[in-house]
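S.K.:
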Amino acid sequence: MQCSIRELMVAIAVAVALSAAAAAFGAGDPEINPPPQPGEWAALAQLPDWSGVWTPSLKDQDARMKSNPIPWNPAAAAAIAKLGAAEKAGNPQGLFVNCLPESMPSWMLITHNALEFLFTPGRVTLLGESDGNRLRRIYTDGRPHPADPDPTFHGHSIGHWEGKTLVVDTVGVLPETYIASSEAVGLPNNGDMHVVERIHLVGPDTLHDDLEITAPHVLTRTWKTTLILFRQRAKKYDIVEGVCLQGNYSEGKDAAGNAVFVPALQTEGGNTLPSDK
Amino acid sequence: MKFKSLRCVWVLAAALTAPAFAHHSFAMFDFNNTVTFNATVTEFRWTNPHVVLLVEASPKPGAPTQIWSMELTSPGNLTRMGWSRKSFKPGDRIELQFNPLRDGKHGGAFNRAKLLATGQVLTSSVRDAEKPGLK
Numbered sequence: 004m005q006c007s008i009r010e011l012m013v014a015i016a017v018a019v020a021l022s023a024a025a026a027a028f029g030a031g032d033p034e035i036n037p038p039p040q041p042g043e044w045a046a047l048a049q050l051p052d053w054s055g056v057w058t059p060s061l062k063d064q065d066a067r068m069k070s071n072p073i074p075w076n077p078a079a080a081a082a083i084a085k086l087g088a089a090e091k092a093g094n095p096q097g098l099f100v101n102c103l104p105e106s107m108p109s110w111m112l113i114t115h116n117a118l119e120f121l122f123t124p125g126r127v128t129l130l131g132e133s134d135g136n137r138l139r140r141i142y143t144d145g146r147p148h149p150a151d152p153d154p155t156f157h158g159h160s161i162g163h164w165e166g167k168t169l170v171v172d173t174v175g176v177l178p179e180t181y182i183a184s185s186e187a188v189g190l191p192n193n194g195d196m197h198v199v200e201r202i203h204l205v206g207p208d209t210l211h212d213d214l215e216i217t218a219p220h221v222l223t224r225t226w227k228t229t230l231i232l233f234r235q236r237a238k239k240y241d242i243v244e245g246v247c248l249q250g251n252y253s254e255g256k257d258a259a260g261n262a263v264f265v266p267a268l269q270t271e272g273g274n275t276l277p278s279d280k
Numbered sequence: 017m018k019f020k021s022l023r024c025v026w027v028l029a030a031a032l033t034a035p036a037f038a039h040h041s042f043a044m045f046d047f048n049n050t051v052t053f054n055a056t057v058t059e060f061r062w063t064n065p066h067v068v069l070l071v072e073a074s075p076k077p078g079a080p081t082q083i084w085s086m087e088l089t090s091p092g093n094l095t096r097m098g099w100s101r102k103s104f105k106p107g108d109r110i111e112l113q114f115n116p117l118r119d120g121k122h123g124g125a126f127n128r129a130k131l132l133a134t135g136q137v138l139t140s141s142v143r144d145a146e147k148p149g150l151k
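Protein chains in written order, with my numbering: chain S, 4 to 280; chain E, 17 to 151.
Now the structure itself:
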């Protein structure tokens, strides 16, 4: 078959247009998560044992914020000084009173609550207590970050094992999430934050999460710090459900006798008042 | 500005006070000051993020009773210290120790309580036990 240059050009234009249309309508094979193979389940047994429930060292959190303070830039430091003064004076603003998640990176900085790790093929999952929504999915299946991830409270995390250390890279965190030194002192990361973590056992039952937090809009340099966790195996440490918003309600009855949540009376400081009986 | 109805006022008031709810800092309490008095439990709310104990007491002998509100850590943390949702029930007589609110209102951060009927003591500091393998 003989085709003129002109016909060839038209054919190419049509093909390009059809391809674009096909892409636009999502044609083609979607990326899939393949079913784990028996070998992948077996390989999990070779990973370090992070089973049990992990409780944070609050004493170390308190001490570390003094010995290794967050390197705020001058504008942020001025705002932090005001928040610190308010906290010291006993009229704190409270960063988490709205019950939104402590999020990344503050969950890994100032949590008072237990957490646990789940290993499954291609993923490490962190589940926390309290807040109702403490959950991090760390993909270890070799995938890259999305080119332009939708920002979320805990960001997009990819991880890989370097020996017995899980190295986690997190981007795509909402700019509104706090970098906090306490529940009353902290500022939004303001975007473009990048967090690298190296999580590893330092003893039979002590785990360190070494963090490197880069937040160019509020910090002068990458801030390195560590979260210390202690392993608990007593069953009374099993993680329990914790829904933060529940604290805004007390248990009551409606007119039909149904068990319902009714708004609890609280003062400005968040201190609960008696039910109106 | 006029409100169309009382309902508006309530809704607005709820909206304005809502940010002060729930997962708050404990900086509002004066940890350099400890108060102890005997009280009667009126409510025990086993809820996240902070368990709440409400008591009725006369801080000074012979004075009229007042309702005081005690804030504690989470149910999860308290469970590990041997607490349960049944640790207190309305009517329980207790000797209560707490760090009061700095603003003088009738509230505080719970330290410890002794049930007068049994002598059982309950404490609540999450910083007291920090090591692996706690029993």
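Yeah, the Cβ is synthetic: ideal placement off N, Cα and C, and Gly gets one too.
Residues in the same chain with beta-carbon distance under 7 angstroms from leucine 138 of chain E, minus the five sequence neighbours each way, listed in chain order, please.
M.R.: Excluding residues within five positions, the ones whose Cβ falls inside 7 angstroms are Trp99, Ser103, Arg128 and Ala129.
S.K.: Taking 8 angstroms as the CB-CB limit, is serine 74 of chain E close to chain S?
M.R.: No - not a single Cβ of chain S is within 8 angstroms of the one on serine 74 of chain E.
S.K.: When the cut-off is 8 angstroms and only beta carbons count, does alanine 43 of chain E lie next to chain S?
M.R.: Yes, because at least one Cβ of chain S sits closer than 8 angstroms to the Cβ of alanine 43 of chain E.
S.K.: Against chain E, which members of the stretch 56-75 of chain S pass a CB distance test of less than 7 angstroms?
M.R.: Those would be Ser60, Leu61 and Lys62, in chain order.
S.K.: Taking beta-carbon pairs under 7 angstroms, can you tell me which members of the stretch 95-127 of chain S lie near chain E?
M.R.: The residues in question are Pro95, Gly97, Phe99, Val100, Asn101, Cys102, His115, Asn116 and Ala117.
S.K.: Would a C-beta distance cut-off of 8 angstroms place leucine 210 of chain S and lysine 167 of chain S closer than the cut-off?
M.R.: Contact flag unset, no.
S.K.: Would you list, in chain order, the members of the stretch 96-129 of chain E that have their beta-carbon closer than 7 angstroms to a beta-carbon of chain S?
M.R.: Those residues of the stretch 96-129 of chain E that come within reach of chain S (Cβ to Cβ, closer than 7 angstroms) are Arg96, Leu117, Arg118, Lys121 and Gly123.
S.K.: Can you look up threonine 180 of chain S in the DSSP assignment and give me helix, strand or coil?
M.R.: Of the three classes helix, strand and coil, the one that applies to threonine 180 of chain S here is coil, per DSSP.
S.K.: Three or more beta-carbon pairs under 8 angstroms between the stretch 174-193 of chain S and the stretch 210-224 of chain S, yes or no?
M.R.: The stretch 174-193 of chain S vs the stretch 210-224 of chain S: in contact.
S.K.: Going by other Cβ atoms of all chains shown within 10 Å of its Cβ, with 16 needed for buried, is tryptophan 164 of chain S buried or exposed?
M.R.: Under this definition tryptophan 164 of chain S is an exposed residue.
S.K.: Buried or exposed: proline 3 of chain S, going by 16 or more other Cβ atoms within 10 Å of its Cβ?
M.R.: The structure shown does not extend to residue 3 of chain S, since chain S is modelled only from 4 to 280, so the question has no answer here.
S.K.: I'd like the span of the beta strand (DSSP E) that includes glutamine 82 of chain E, first residue to last.
M.R.: 82-87 is the span of the beta strand (DSSP E), which, as asked, contains glutamine 82 of chain E.
S.K.: Could you check if asparagine 71 of chain S is buried or exposed, using at least 16 other CB atoms within 10 Å of its CB as the buried criterion?
M.R.: Result: exposed.
S.K.: Report yes if the C-beta distance between phenylalanine 114 of chain E and valine 51 of chain E is below 8 angstroms; otherwise report no.
M.R.: A contact, by the Cβ cut-off of 8 angstroms.
S.K.: Pull up the distance between the alpha-carbon of phenylalanine 264 of chain S and that of glutamate 43 of chain S, whole angstroms please.
M.R.: Approximately 45 angstroms, taken between the alpha carbons.
S.K.: Which of the three DSSP states is assigned to asparagine 93 of chain E in this structure?
M.R.: Of the three classes helix, strand and coil, the one that applies to asparagine 93 of chain E here is helix, per DSSP.
S.K.: Look up aspartate 213 of chain S in the DSSP assignment and say whether it is helix, strand or coil.
M.R.: Strand.
S.K.: Taking a contact to mean a Cβ-Cβ separation below 8 angstroms, would you say isoleucine 110 of chain E touches leucine 131 of chain E in this structure?
M.R.: Yes.
S.K.: Compare the C-beta of arginine 236 of chain S against all C-beta atoms of chain E and say whether one is closer than 8 angstroms.
M.R.: Judged by the 8 angstroms Cβ criterion, arginine 236 of chain S is in contact with chain E.
S.K.: Show which residues of chain S have a CB atom less than 8 angstroms away from the CB atom of serine 140 of chain E.
M.R.: Those within 8 angstroms of serine 140 of chain E in chain S number zero; the least Cβ separation is about 12 angstroms.
S.K.: What separation, rounded to the nearest whole angstrom, lies between the Cα atoms of glycine 120 of chain E and threonine 114 of chain S?
M.R.: Each residue's alpha carbon lies about 29 angstroms from the other.
S.K.: Would you tell me roughly how many angstroms separate the C-alpha atoms of leucine 232 of chain S and isoleucine 202 of chain S, rounded to the nearest one?
M.R.: Rounded to the nearest angstrom, the two C-alpha atoms are 10 angstroms apart.
S.K.: Bridge partners for serine 160 of chain S per DSSP, in chain order?
M.R.: The partner list for serine 160 of chain S (beta bridge, DSSP) reads S/Ile141 and S/Thr173.
S.K.: Which residues bound the alpha helix (DSSP H) around aspartate 83 of chain S?
M.R.: Aspartate is not the amino acid found at residue 83 of chain S; the sequence shown has isoleucine there. Here the alpha helix (DSSP H) through isoleucine 83 of chain S covers 77-92.
S.K.: Can you confirm whether methionine 17 of chain E, when its beta carbon is compared against all beta carbons of chain S, has any partner nearer than 8 angstroms?
M.R.: The predicted position of methionine 17 of chain E is uncertain, since its pLDDT is 37 and thus under 50; no value can be drawn from it.
S.K.: The stretch 78-92 of chain E: which residues have C-beta closer than 8 angstroms to a C-beta of chain S, in chain order?
M.R.: The residues in question are Ile83, Ser85, Glu87, Thr89, Ser90, Pro91 and Gly92.
S.K.: Let's test the definition: count the other Cβ atoms within 10 Å of the Cβ of proline 91 of chain E and tell me whether it reaches 16, buried, or not, exposed.
M.R.: That one is buried.
S.K.: For a test of the three-state rule: what should DSSP assign to glutamate 72 of chain E, helix, strand or coil?
M.R.: Three-state DSSP puts glutamate 72 of chain E in a strand.
S.K.: Between the stretch 129-153 of chain S and chain E, which residues of the former have a C-beta closer than 8 angstroms to a C-beta of the latter?
M.R.: Against chain E - using a Cβ distance shorter than 8 angstroms - the residues of the stretch 129-153 of chain S are Glu132, Ser133, Asp134 and Gly135.
S.K.: Confirm, please, whether the CB-CB distance from leucine 177 of chain S to phenylalanine 156 of chain S is below 8 angstroms.
M.R.: Yes, these two residues count as a Cβ contact at 8 angstroms.
S.K.: Residues of the stretch 57-73 of chain E in Cβ contact with chain S at a cutoff of 8 angstroms, in chain order, please.
M.R.: Of all residues in the stretch 57-73 of chain E, Thr58, Glu59, Arg61, Thr63, Asn64, Pro65, His66, Val68 and Leu70 have a Cβ within less than 8 angstroms of some Cβ in chain S.
S.K.: Should phenylalanine 42 of chain E be labelled buried (16 or more other beta-carbon atoms within 10 Å of its own) or exposed?
M.R.: Buried.
S.K.: When the distance is taken between beta carbons, is leucine 150 of chain E closer than 8 angstroms to alanine 237 of chain S?
M.R.: The answer is yes: Cβ separation under 8 angstroms.
S.K.: List, in chain order, every chain E residue whose beta-carbon is nearer than 8 angstroms to that of valine 243 of chain S.
M.R.: Pro91, Gly92 and Thr95, listed in chain order.
S.K.: List the endpoints of the continuous alpha helix (DSSP H) containing glutamate 254 of chain S.
M.R.: Taken as a continuous stretch (DSSP letters only), glutamate 254 of chain S belongs to no alpha helix (DSSP H), being part of the beta strand (DSSP E) at 252-256.
S.K.: Output, in chain order, the set of chain E residues within a Cβ distance shorter than 7 angstroms of alanine 187 of chain S.
M.R.: Result: Ser41 and Ala43.
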